[in-house]
Amino acid sequence: MTPTFNKVHNRFKLNGNSFSFQDLKEVAYSFIKEGDLFEKEIGDFLSDWLDDNDFILVKTSGSTGQPKTITLSKQAMVHSAIATGDFFKLQPINTALLCLPATYIAGKMMLVRAMILGLEIDCVQPTTNPEFNSKKHYDFCAMIPAQAEKTIQKLSNIKTLIVGGAQVSSKLKQQFKGLKTNIFETYGMTETITHIAVKQINGKTTNYFKTLPNITISQNDKECLVIDAPQLNTTQIITNDVVKLHSKTTFEWLGRIDNVINSGGVKLFPEQIEAKLQSKIGPRFFITSEKDETFGEVIVMVIEAEDNTLSPAVFLDLTAIQTPKTVYSIPAFAETTSGKINRLKTMALVKS
């Protein structure tokens, strides 16, 4: 029988303690009234999850547009938790670590997975360098790339780590190679209730994302990914992500259609150029374009630094048309509320 959102698994534990559905209401109240900021955020979510509504309101990160609030079905979130549990073979009493803020969907879903699958979850402050017991074994954890990079010496005690919220750099993937932890990059968004596909990026690595159970994919006429996930959303989800399909359940991500640069009739994906440069440039940077009378658009780079000095050797792996015609520098990038680079606002600052 499929679990429902108004029940909590009898093996569920939060910070070492067992709680029933009713007990959690008191925990939520205590967190809201007496907890640290991150605990208040957990309390707010638990309070919403335990109320009489069959939906919750969730904020999007704003990485691909203005942040907005959307409505998600609680039962759809249950189905998402089950799909993740099935894919990673999570079992009751497996241990989990929450080190993401509960204000966004990734953190919320870690709690839902624990309540529905019967996981024993520990919650720690969601900083870029989260403090957790490196001697304790955790079966499952989710992080953003910055967290994984800063805690890399402690990851060996995590069996399965999913990394999302931003692209994983080639440099970080190299650091992951020697770890026994099974590390997966995720693909998803708030509208898909976190990840709908994953790919392993250490050990048995692959270039393809594999969808979770009961999710199939296709493309529209713009070659963008279309997601069929009837248990998560009653309608097809049409994304702005250009992909190469390999089957109805596997795909290769190429880049955002709204970032595509047309230079002299050649389509260029900034994300692919960035991947070639990540191991060669220390500060944060991104690839974008500006208008050009001859080619229509040309590649430019924006780097988070006091000056724009880069060795020509940095660009040796790029073709002529991929090589930035100009490198701009700016001391600090504009960011979204979730800490991602806001390319449009940053470029506006460069030009101001």
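Under numbering that gives the first Met the number 0, the first residue of the sequence shown carries the number 0, and numbering increases by one thereafter. Every residue, glycine too, gets a C-beta built ideally from N, C-alpha and C.
Hey, out of the options, whose CA is closest to residue i's CA?
{"i": "Ser328", "options": "Arg342, Thr322, Val349", "result": "Val349"}
{"i": "Thr102", "options": "Gln124, Ile81, Thr94", "result": "Gln124"}
{"i": "Ser246", "options": "Thr215, Ala27, Ser351", "result": "Thr215"}
{"i": "Ile302", "options": "Thr318, Gln74, Leu231, Ala331", "result": "Ala331"}
{"i": "Phe138", "options": "Lys176, Asn5, Ser169, Thr94", "result": "Here residue 138 turns out to be Asp, not Phe, going by the sequence shown. Among Lys176, Asn5, Ser169, Thr94, the Cα nearest to that of Asp138 belongs to Thr94."}
{"i": "Ile31", "options": "Asp22, Ile41, Leu23", "result": "Ile41"}
{"i": "Asn201", "options": "Asn232, Ser217, Ser169", "result": "Ser169"}
{"i": "Asp51", "options": "Leu36, Phe37, Gly34, Lys24", "result": "Lys24"}
{"i": "Ser46", "options": "Asn5, Gly15, Gln218, Pro66", "result": "Asn5"}
{"i": "Gly281", "options": "Cys98, His136, Val313", "result": "Val313"}
{"i": "Lys88", "options": "Val241, Glu33, Asn181", "result": "Asn181"}
{"i": "Lys39", "options": "Asp22, Cys122, Met0", "result": "Cys122"}
{"i": "Thr393", "options": "Thr249, Val241, Thr318, Ala75", "result": "The structure shown does not extend to residue 393, since the chain spans only 0 to 351, so no value can be given for it."}
{"i": "Glu119", "options": "Thr318, Asn14, Asn239", "result": "Asn14"}
{"i": "Val241", "options": "Lys203, Gly177, Asp257, Cys98", "result": "Asp257"}
{"i": "Asn239", "options": "Lys203, Phe268, Ser29, Leu231", "result": "Phe268"}
{"i": "Asn232", "options": "Asp22, Lys73, Thr1", "result": "Lys73"}
{"i": "Val297", "options": "Met0, Thr1, Thr318", "result": "Thr318"}
Considering only residues of the same chain and omitting the five flanking positions on each side of residue i, which have a CB-CB separation below 8 Å?
{"i": "Leu374", "result": "Any property of residue 374 remains undetermined from this structure, which presents the chain solely from 0 to 351."}
{"i": "Pro229", "result": "Asn213"}
{"i": "Phe18", "result": "Val7, Phe11, Lys12, Val26"}
{"i": "Gln174", "result": "Glu148, Ile151"}
{"i": "Val299", "result": "Ile286, Thr287, Ser288, Glu289, Pro323, Lys324, Thr325, Val326, Tyr327"}
{"i": "Thr293", "result": "Gly263"}
{"i": "Lys176", "result": "Asn201"}
{"i": "Ser29", "result": "Gly42"}
{"i": "Phe284", "result": "Glu273, Leu276, Met300, Val301, Ile302, Glu303"}
Can a CB atom of chain E be found closer than 7 Å to the CB of residue i?
{"i": "Leu116", "result": "Considering every chain present, this structure includes no chain E. It has just one protein chain."}
Grab me the residues of residue i's own chain with a C-beta within less than 7 Å of its C-beta, minus the 5 sequence neighbours each way, in chain order.
{"i": "Ala333", "result": "Asn341, Lys344, Thr345, Leu348"}
{"i": "Lys415", "result": "The structure shown has nothing for residue 415, since the chain only spans 0 to 351."}
{"i": "Thr127", "result": "Ala145, Gln146, Lys149"}
{"i": "Lys179", "result": "Ser155"}
{"i": "Asp316", "result": "Lys275"}
{"i": "Leu71", "result": "Phe54, Ile55, Val57, Ile192"}
{"i": "Gln195", "result": "Checking the sequence shown, residue 195 turns out to be Ile, not Gln. Tyr186, Gly187, Thr210, Leu211, Ile214, Ile226, Ala228, listed in sequence order."}
{"i": "Ile69", "result": "Val57, Thr59, Thr189, Glu190"}
{"i": "Asn16", "result": "none"}
{"i": "Glu33", "result": "none"}
{"i": "Lys243", "result": "Phe250, Glu251, Leu253"}
DSSP has residue i in a bridge; who is on the other side?
{"i": "His194", "result": "Gly187"}
{"i": "Trp252", "result": "Val242"}
{"i": "Phe208", "result": "Phe250"}
{"i": "Leu267", "result": "Ile260"}
{"i": "Leu97", "result": "Cys122, Ala141"}
{"i": "Leu13", "result": "Asn16, Ile120"}
{"i": "Gln199", "result": "Phe183"}
{"i": "Asp227", "result": "Thr215"}
{"i": "Tyr327", "result": "Val301"}
{"i": "Val167", "result": "Its beta-bridge partners do not exist; DSSP assigns none."}
{"i": "Gly338", "result": "Its beta-bridge partners do not exist; DSSP assigns none."}
{"i": "Gly106", "result": "Beta-bridge pairing links Gly106 to no other residue."}
{"i": "Ser72", "result": "Phe54"}
{"i": "Thr159", "result": "Phe139, Asn181"}
{"i": "Glu296", "result": "Lys290"}
{"i": "Gly115", "result": "In the sequence on display, residue 115 carries Ile and not Gly. The partner list for Ile115 (beta bridge, DSSP) is empty, contrary to what the question assumes."}
{"i": "Phe285", "result": "Val301"}
{"i": "Ile236", "result": "Ile226"}
Enumerate in chain order the residues of its own chain whose CB-to-CB distance from residue i is below 6 Å, with the five nearest sequence positions on each side excluded.
{"i": "Cys140", "result": "Leu96, Ile157, Leu160"}
{"i": "Lys266", "result": "Val259"}
{"i": "Gly117", "result": "His8, Arg10, Phe11, Pro91"}
{"i": "Met383", "result": "The displayed coordinates of the chain run from 0 to 351. Any statement about residue 383 would go beyond what the structure contains."}
{"i": "Ser84", "result": "Residue 84 is actually Gly in this sequence, not Ser. Leu116."}
{"i": "Lys153", "result": "Ser133"}
{"i": "Ser217", "result": "Val225"}
{"i": "Gln277", "result": "Ser168, Ser169, Lys170"}
{"i": "Cys98", "result": "Val123, Pro125, Pro129"}
{"i": "His136", "result": "Asn156"}
Just confirm the distance between the C-beta atoms of residue i and residue j, as a whole number of angstroms; I'd bet it's less than 8 Å.
{"i": "Gly368", "j": "Ala105", "result": "Because the chain spans 0 through 351 in this model, residue 368 falls outside it and cannot be assessed."}
{"i": "Thr3", "j": "Val77", "result": "7 Å"}
{"i": "Ile236", "j": "Thr193", "result": "No, Ile236 and Thr193 are not in contact; Cβ-Cβ is about 13 Å, not under 8 Å."}
{"i": "Met108", "j": "Ala80", "result": "7 Å"}
{"i": "Lys279", "j": "Ala165", "result": "Contact doesn't hold; Cβ gap of about 19 Å is too wide."}
{"i": "Phe20", "j": "Leu49", "result": "7 Å"}
{"i": "Pro100", "j": "Thr336", "result": "In fact, because the Cβ distance is near 11 Å, the residues do not count as touching under 8 Å."}
{"i": "Phe37", "j": "Leu110", "result": "The pair is not a contact, with the Cβ atoms about 12 Å apart (cut-off 8 Å)."}
Any heavy atom of the ligand FAD within a distance shorter than 6 Å of the CB on residue i?
{"i": "Ser217", "result": "In the structure shown, the ligand FAD is absent, as is every other ligand, since no ligand is present at all."}
Evaluate the contact criterion for the segment 267-276 versus the segment 307-327: three or more CB pairs, one atom per stretch, below 8 Å. As far as the Cβ criterion goes, the segment 267-276 touches the segment 307-327, which means the pair count is three or higher.
At a cut of 8 Å, does the segment 210-223 reach the segment 246-258 through at least three beta carbon pairs? The segment 210-223 makes contact with the segment 246-258: 3 or more CB pairs, one atom from each, lie closer than 8 Å.
Count the CB pairs spanning the segment 306-320 and the segment 126-137 that are closer than 8 Å, and state whether there are at least three. Contact between the segment 306-320 and the segment 126-137 is absent: fewer than 3 CB-CB pairs across the two stretches fall below 8 Å.
With three or more C-beta pairs closer than 8 Å as the rule, is the segment 256-263 touching the segment 284-295? Yes: at least three Cβ pairs fall under 8 Å.
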